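The opening residue of the first sequence carries number 101 in the working numbering; numbering runs sequentially from there.
Contents: one structure, followed by commentary.
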Amino acid sequence: MRYWLMKSEPDAFSIDDLKKRPKRIEPWDGVRNYQARNFMRDQMQVGDQAFFYHSNCDVPGIYGVMEVACAAYPDPTQFNAKHHHYDPTAKREEPRWFLVEMRYVRHLKKPITLDALKQHEAALQGCAVIARGNRLSVMPIRAEHWQTILSLE
DNA sequence: GCCAACGTTGGC
DNA sequence: GCCAACGTTGGC
101 MRYWLMKSEP DAFSIDDLKK RPKRIEPWDG VRNYQARNFM RDQMQVGDQA FFYHSNCDVP
161 GIYGVMEVAC AAYPDPTQFN AKHHHYDPTA KREEPRWFLV EMRYVRHLKK PITLDALKQH
221 EAALQGCAVI ARGNRLSVMP IRAEHWQTIL SLE
């Protein structure tokens, strides 16, 4: 099993929103970055665990845990001309963007803020989430870092 | 709202 | 294939 971190802007979609979804599952659509796509399409498997990270908000950080509920399939929003994530260059016979479905697992007892993560820089060497200028919205987390982060809860 | 970081695009 | 211009992300 692998571990991941996935970002979302809580104004658009928060972990509370995820918890309220039917079956607590949401298709993680709208990812338009090749590296993030490749992680979802090629590596994420049902049962993998992921941190739910709130970005672009008052207190950025990790707010909870979710799991992969469904492996990758083409993101339907790429074909929808009315959708904000429409990609006119994508073809149905050759989809460009993929998504996975994520299921709510739990909120953290207390959010682990980006600030707190940075304070444990030494134990999180090589963890992309604290790297400067990091913009990846889906990134792998090493097992030891996953444990380290959970120990900060 | 600012701006640094960084990915993508397109002219050459 | 280079690289300037541009767009987006996301912390602050």
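Using N, Cα and C, we set each Cβ at its ideal position, and we do this for glycine too.
Note that the structure is a prediction, hence the values are computed from the model and not measured.
Proximity below 7 Å, CB of residue i to CB of residue j
i, j, result
"Asn-186", "Arg-124", "It is worth fixing the name first, because residue 186 is Tyr in this sequence and not Asn. No, they are not a contact pair."
"Glu-253", "Leu-208", "yes"
Per-residue burial, residue i [other beta carbons within 10 Å of its own, 16 or more giving buried]
i, result
"Arg-206", "exposed"
"Cys-227", "buried"
"Val-146", "exposed"
Residues near residue i by beta carbon distance below 6 Å, same chain, minus five either side
i, result
"Val-229", "Leu-105"
"Ile-115", "Phe-152, Tyr-163, Gly-164"
Other residues of its chain near residue i: CB distance less than 8 Å, five sequence neighbours each side excluded
i, result
"Gly-161", "Tyr-153, His-154, Pro-211, Ile-212, Thr-213, Leu-214, Asp-215, Ala-216, Leu-217"
"Arg-121", "Tyr-204"
"Leu-224", "Leu-217, Ile-230, His-245, Thr-248, Ile-249"
"Asp-148", "Met-101, Arg-102, Tyr-103, Trp-104, Glu-167, Val-168"
Own chain residues within Cβ distance below 7 Å of residue i, not counting five before or after
i, result
"Phe-198", "Arg-137, Met-140, Arg-141, Ala-172, Tyr-173, Pro-174, Asp-175"
"Gln-135", "Leu-236"
message = For the structure I just gave you, are there three or more beta carbon pairs, one from the region 235-247 and one from the region 118-138, closer than 8 Å?
response = yes
query = On the three-pair Cβ rule with 8 Å, is the region 172-183 touching the region 109-119?
reply = no
task = Entirely within the region 149-221 and at least 4 residues each: give me those alpha helix (DSSP H) ranges in chain order.
result = Runs of alpha helix (DSSP H) with 4 or more residues, each lying fully within the region 149-221, are found at 214-219, listed in chain order.
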